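The structure under discussion appears below in the form of structure tokens.
Residue numbers (full-length UniProt numbering): 1 to 180.
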């Protein structure tokens, strides 16, 4: 799946384009947060603690508190190598940490390509999960469900005040109905 299949959808694009930068970060951070259980599964499988860094980095991206550049460097250094972490949980965590890295790069540079790369990396996990269940899964159906999820996140973000800073608790609240 790709960014364009979800975020360029006619039901999403006009509303997403109306969001300010902070609201866009909230939508994408919430979209990542819904996969938190995959990071926790990695931690449990490998006795690691990437979930804590994942949550902290989302909070930095949302609130712009702390130092996004330092946090981005920390996230980058901790992207799991699937040669070392060869179980499926390693792939999930790798995709999420790469996605998070791109989100932080967007916060630092405000380059839309980083936001699309972020979403595309998180969509890798959606593909993997569905492929594990059924190698012949209906990609159009899955894409439609993802469009529904993002539509709900965008509508919720539009209700927030423009220019407002957010926290990881806001992302958790928005993601709460959409966990994987």
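A virtual CB, placed ideally from N, CA and C, is assigned to each residue, including glycine.
Owing to the predicted nature of the structure, the values given are computational and were not obtained by experimental measurement.
Under a Cβ-count criterion, where at least 16 other Cβ atoms within 10 Å of its own Cβ denotes burial, should residue 14 be classed as buried or exposed? Under this definition residue 14 is an exposed residue.
For a test of the three-state rule: what should DSSP assign to residue 43, helix, strand or coil? The three-state secondary structure of residue 43, taken from DSSP, is helix.
Going by C-alpha distance, which of 147, 139, 95 is nearest residue 50? Cα-wise, what sits closest to residue 50 is 95.
Three or more C-beta pairs closer than 8 Å, one from the segment 32 to 48 and one from the segment 85 to 94: is that the case here? Look at the beta carbons and you see the segment 32 to 48 touching the segment 85 to 94: at least three pairs across the two are nearer than 8 Å.
Please report the residue range of the alpha helix (DSSP H) in which residue 23 lies. Here the alpha helix (DSSP H) through residue 23 covers 21 to 33.
Run the CB neighbour count on residue 118, radius 10 Å, all protein chains shown included, and call it buried at 16 or more, exposed below. That one is buried.
Express the C-alpha separation of residue 83 and residue 62 in angstroms, rounding to a whole number. Those two C-alpha atoms are separated by around 31 Å.
Over what stretch of residues does the alpha helix (DSSP H) that includes residue 149 continue unbroken? Here the alpha helix (DSSP H) through residue 149 covers 139 to 159.
Residue 52 versus residue 141 - alpha carbon distance: Cα to Cα, the separation comes out at about 33 Å.
Can you list the alpha helix (DSSP H) stretches of 4 or more residues lying completely in the segment 74 to 138, in chain order? As far as the segment 74 to 138 is concerned, its whole alpha helix (DSSP H) runs of at least 4 residues are 88 to 109, 112 to 133.
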